[in-house]
Each structure stands twice: as structure tokens, then as C-alpha cells.
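Structure first, then comments.
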Amino acid sequence: MTLLKFPVQPGRAIASVSAAHETSARSRQRRKRLLKARQSVLAADEAGFWRGITADMIATTISSKNECSESSPPSVTTVTTSVNTTKQSIQF
């Protein structure tokens, strides 16, 4: 069994992991802010719908990143959803 040896630069590895965590944290905070902004203007039934869509988009993004490799192009995933909306009449 032959082991491949690559030069390791601990400072760079730690810096790149740190940068990845920071970027991930910023993205998570941004998604939370966007969700709160949408919830402030949506009806109660629509808020649950968008919460689910946000979770689906995050899951799709993560699975697409895991499926990609250098030898194959990234796959495209299409998410189709349906919305049941109710119209309310307002009488004055």
C-alpha cells in the first residue's frame, strides 16, 4: 500500500476552514433575515409555505454540491411545488 504525501501547511488549512465557517454563518444569517422579512408581509398560511420552500432550497443546494465532482458538470435539480391559496373577500 502506497500512501500519497502532500505538503501540509497547517496555517493555510486552518485559515480556509475558518473562512468557510464564516461564509456559512453569514449565509445562514442572511437566510434568516430574508425569512423574517417575508414573514412580516405574508399571511399566516403563506409563511409556512415559504419556510418549507427555504428548507427545500437549502437541501437542494447542499445535495447538488455533494454530487458535483471535478470530472462531471454540476447537475440541475428542478423543484416543483403547488400552492393552495384562498381568496378572502372584504366587505365595507
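Throughout the sequence shown, residue numbering follows this note's numbering, covering 47 to 138 in sequence. For every residue, glycine included, the Cβ atom is placed at its ideal position computed from N, Cα and C. None of these values were measured; they are calculated from a predicted model.
Three-way DSSP call (helix, strand, coil) for residue i in this model
i     : result
Leu88 : coil
C-beta neighbour in chain B for residue i, strict 8 Å
i     : result
Ser70 : Although the question refers to chain B, the structure presented lacks it and comprises just one protein chain.
Whole-angstrom C-beta distance between residue j and residue i, which should lie under 8 Å
i      : j     : result
Thr100 : Arg77 : 6 Å
Residue i versus residue j - alpha carbon distance
i      : j      : result
Arg97  : Arg72  : 19 Å
Ala90  : Leu81  : 13 Å
Ala66  : Val87  : 32 Å
Thr69  : Met103 : 18 Å
Gln16  : Arg74  : This structure cannot speak to residue 16, because the chain is shown only from 47 to 138.
Ile60  : Gly94  : 39 Å
Glu92  : Ser62  : 39 Å
Phe138 : Arg79  : Since pLDDT at Phe138 reaches only 45, below the 50 mark, its modelled position is unreliable, and no value is offered.
Ala83  : Ser64  : 29 Å
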